[in-house]
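Protein chains in written order, with the working numbering: chain U, 1 to 347; chain W, 348 to 694.
No residue lacks a Cβ here, since even glycine has one placed at the ideal position from N, Cα and C.
Beneath this line is the structure, given in structure tokens, with notes to follow.
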DNA sequence: ACTCACTGTGGATACGTTTTCATGCATCTC
DNA sequence: GAGATGCATGAAAACGTATCCACAGTGAGT
């Protein structure tokens, strides 16, 4: 089963291969030749081999996508966004799931490198160092939803981001990787203020791996009400999340409101509070990060901080596809507090 | 930024390129040469270019994955399964989202063809005909979770599937495409019998696009209780599902039990019944296809038919990677009825 | 000692494409 | 009419790899 090559088309059309290539790539050719070549190509059902082309032009053209876990609705949405943009550009997308494990992430980066995939969108799991090989190899990298940990001492890079209204920051310094983020700071602040307004004073934060910006925003928004004891972190797994939630609620019975920094954490919080006999929102007010479909089905329906998952992916894809051009250092997308029924006044 | 090629390694090691290729591909070479070549390769941080290799061997090696929608938890799990298996085989995975649209599916198939991706796992959306070009081009295709519609008159292909216990079916006829399925028939039958046992007589089915086997099983399991009026279908969208659910429940107030053939449909059913003031399970018993995380968080927790999403993907990947070998015509994975709180006795 | 088999090795080739370069032909300009 | 200009075209090179084939060297068997 030999595939039809450009040579076959050239032969059948009685022209040289160069002409065929030109016709198909939109180069110049006489109307007559163009027509004949196209007809023959269609008749032979010819498809140019991406392999040959890529080898010739030294780039795969595809784009790589690395997310922690496709099972998570947020990353599913993000992936859909990337795929949508990639499809409109006709680019294939190679997807890898890192499981939030820096080691797997590094392995996948190596795989993409090997495939000569030169454009990558990633929700980074490891530290910035892991991406050294990638950028050194000339990859165009865009981070989304998360930033790799840097050495401390950096000022908050958020301040320099391109805001939605299109304000351009100064040309990005060498090595800075464009990042598409949801406006965590604003989201968390809004939620915390909402809870404060309901009279809550003992507000806890339940976080997972990553998302340092959410935690920072939480501390900041809480101000003097902040209590490090009420900020706990779980690992990546579902069990770990449940254990953390349950432990937190048992240790600190005076907690009247909880902000869950992810839908996995929110799920754990709901289960744990049920298990402990805490009524939502009677005994405990709950705000969850990520507006997942079940938030509305939950009982009571959950008040959430929604991030535009699909947009995050789409914008990241746009960014990574705008290869040579001067690209903004980042994009910040708005979050939204969607009030449902999981928060009430302080009991 | 030139990448280091096999030629560089050969030069630096003082050997021919052929030798380097052999060493790296596990061919024969003297211990001394092998060691030197490996050392040099490591020192130069050499990575063989997949482009060159693929072009040479006329295959990309990667595997393609086509699902209707990554946002759906089931397909997210399925994708994770595929990725897990692919990673252990060191194969990249190109993912496409068809949106349940045969046209997009065909387009994506074309893209994979162009990329010389010669192994594809797909949840088919269109009819079998759409896959003609793919198999004609020599692609190894495995379907998962769904079968493309065939001309009527075929007997149920399920009967010939390889069951979990390893019974091998007769060698597959030419053109038959291996398929990995969840045992819908058994799942639906169990659920229907469970509902019957609770006294329900007017049992409705709410389906989406595809999954004809579930519907058939539903009719079969219901026997003389079956009523075509109570079998309704929605389109792919969320709105369509809600409209179908709401319409069904309004038109037929005597329905006391509902089987939702997918988690999107289940979601719609919950919302619609709430809207109509129907209490679950007081007025309406609900069984939903797919055990999604929120099924347990719903109020009441939903009784579901669970399919092993991740396994489906993993098995499909195994199948598609076992290229040359004689492959079974299909794999059937068990489903499980998980009883929670959304079903009660007939009111 | 001669052949034979075998092993390690490197040169050359092919994979399918894009792109550069040179060639031929027609048209335009002075 | 001669030179210049432009355009369509095809031959050939290059991308990085795997593999075929030939060649040299070695050891064993006769």
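When the options are compared against residue i, the one with the closest alpha-carbon
i, options, result
"residue 316 of chain U", "U:180, U:213 and U:260", "U:180"
"residue 71 of chain U", "W:423, W:351 and W:568", "W:423"
"residue 121 of chain U", "U:337, U:335, U:17 and U:313", "U:313"
"residue 334 of chain U", "U:145, U:300 and U:11", "U:145"
"residue 103 of chain U", "U:225, U:202, U:126 and U:73", "U:126"
"residue 593 of chain W", "W:570, W:551 and W:567", "W:551"
"residue 289 of chain U", "U:65, U:99, U:73 and U:55", "U:73"
"residue 577 of chain W", "W:599, W:653 and W:557", "W:599"
"residue 416 of chain W", "W:653, W:585, W:683 and W:591", "W:585"
"residue 67 of chain U", "U:100, U:53 and U:61", "U:100"
"residue 669 of chain W", "W:378, W:651 and W:408", "W:408"
Unbroken beta strand (DSSP E) run spanning residue i, endpoints
i, result
"residue 288 of chain U", "285 to 289"
"residue 548 of chain W", "From DSSP, residue 548 of chain W is part of no beta strand (DSSP E); its letter is neither H nor E."
"residue 413 of chain W", "410 to 414"
"residue 123 of chain U", "Element bounds for residue 123 of chain U: n/a, residue is neither H nor E."
"residue 332 of chain U", "330 to 333"
"residue 96 of chain U", "93 to 97"
"residue 653 of chain W", "650 to 653"
"residue 6 of chain U", "Not the beta strand (DSSP E): residue 6 of chain U falls in the alpha helix (DSSP H), residues 6 to 13."
"residue 488 of chain W", "487 to 491"
Residue i - containing alpha helix (DSSP H), residue span
i, result
"residue 380 of chain W", "378 to 390"
"residue 420 of chain W", "420 to 435"
"residue 368 of chain W", "364 to 372"
"residue 685 of chain W", "From DSSP, residue 685 of chain W is part of no alpha helix (DSSP H) but of the beta strand (DSSP E) over 683 to 685."
"residue 273 of chain U", "263 to 275"
"residue 280 of chain U", "Note, residue 280 of chain U: premise wrong, no alpha helix (DSSP H); not H, not E."
"residue 259 of chain U", "No alpha helix (DSSP H) holds residue 259 of chain U; the beta strand (DSSP E) holding it covers 257 to 260."
"residue 528 of chain W", "From DSSP, residue 528 of chain W is part of no alpha helix (DSSP H) but of the beta strand (DSSP E) over 526 to 529."
"residue 639 of chain W", "Note, residue 639 of chain W: premise wrong, no alpha helix (DSSP H); not H, not E."
"residue 117 of chain U", "Where residue 117 of chain U is concerned, there is no enclosing alpha helix (DSSP H), given that its DSSP letter is neither H nor E."
Nearest-angstrom beta carbon gap, residue j and residue i [assumed within contact, 8 Å]
i, j, result
"residue 137 of chain U", "residue 113 of chain U", "6 Å"
"residue 263 of chain U", "residue 292 of chain U", "5 Å"
"residue 633 of chain W", "residue 644 of chain W", "With 8 Å as the limit, residue 633 of chain W and residue 644 of chain W do not qualify as a contact, their Cβ atoms being about 15 Å apart."
"residue 193 of chain U", "residue 221 of chain U", "7 Å"
Beta-carbon contacts of residue i that lie in its chain and below 6 Å, excluding the five residues immediately before and after
i, result
"residue 588 of chain W", "581, 611, 612 and 615"
"residue 119 of chain U", "63, 140 and 320"
"residue 621 of chain W", "none"
"residue 310 of chain U", "77, 80 and 81"
"residue 471 of chain W", "490, 493 and 495"
"residue 503 of chain W", "A caution first: residue 503 of chain W carries a pLDDT of 45, below 50, which makes its placement in the model too unreliable to give a value."
"residue 393 of chain W", "351 and 356"
"residue 341 of chain U", "300 and 301"
"residue 214 of chain U", "184, 188 and 261"
Whole-angstrom distance between residue j and residue i, CA atom to CA atom
i, j, result
"residue 148 of chain U", "residue 39 of chain U", "51 Å"
"residue 185 of chain U", "residue 92 of chain U", "34 Å"
"residue 23 of chain U", "residue 89 of chain U", "20 Å"
"residue 294 of chain U", "residue 383 of chain W", "58 Å"
"residue 16 of chain U", "residue 5 of chain U", "13 Å"
"residue 43 of chain U", "residue 49 of chain U", "17 Å"
"residue 259 of chain U", "residue 332 of chain U", "22 Å"
"residue 356 of chain W", "residue 212 of chain U", "43 Å"
"residue 57 of chain U", "residue 398 of chain W", "11 Å"
"residue 518 of chain W", "residue 685 of chain W", "Since pLDDT at residue 518 of chain W reaches only 38, below the 50 mark, its modelled position is unreliable, and the value read off the structure follows with that caveat. The alpha-carbon atoms of residue 518 of chain W and residue 685 of chain W are separated by roughly 36 Å."
"residue 454 of chain W", "residue 480 of chain W", "11 Å"
"residue 189 of chain U", "residue 195 of chain U", "10 Å"
"residue 20 of chain U", "residue 2 of chain U", "19 Å"
"residue 654 of chain W", "residue 538 of chain W", "13 Å"
"residue 401 of chain W", "residue 676 of chain W", "28 Å"
"residue 652 of chain W", "residue 98 of chain U", "29 Å"
Contacts around residue i, its chain only, beta-carbon distance under 7 Å, and the 5 residues preceding and following it disregarded
i, result
"residue 431 of chain W", "661"
"residue 249 of chain U", "255, 272, 273, 276 and 278"
"residue 12 of chain U", "40 and 44"
"residue 630 of chain W", "694"
Contact set for residue i: own chain, Cβ-Cβ below 8 Å, skip 5 residues either direction
i, result
"residue 200 of chain U", "256, 257, 285 and 346"
"residue 208 of chain U", "233, 234, 235, 236, 241, 261, 262, 264 and 265"
"residue 545 of chain W", "604, 632, 690, 691, 692 and 693"
"residue 163 of chain U", "Any reading at residue 163 of chain U is ruled out, since the residue's pLDDT is 45, under 50, leaving its predicted position unreliable."
"residue 111 of chain U", "96"
"residue 59 of chain U", "116 and 118"
"residue 477 of chain W", "449, 452, 453, 456, 471 and 495"
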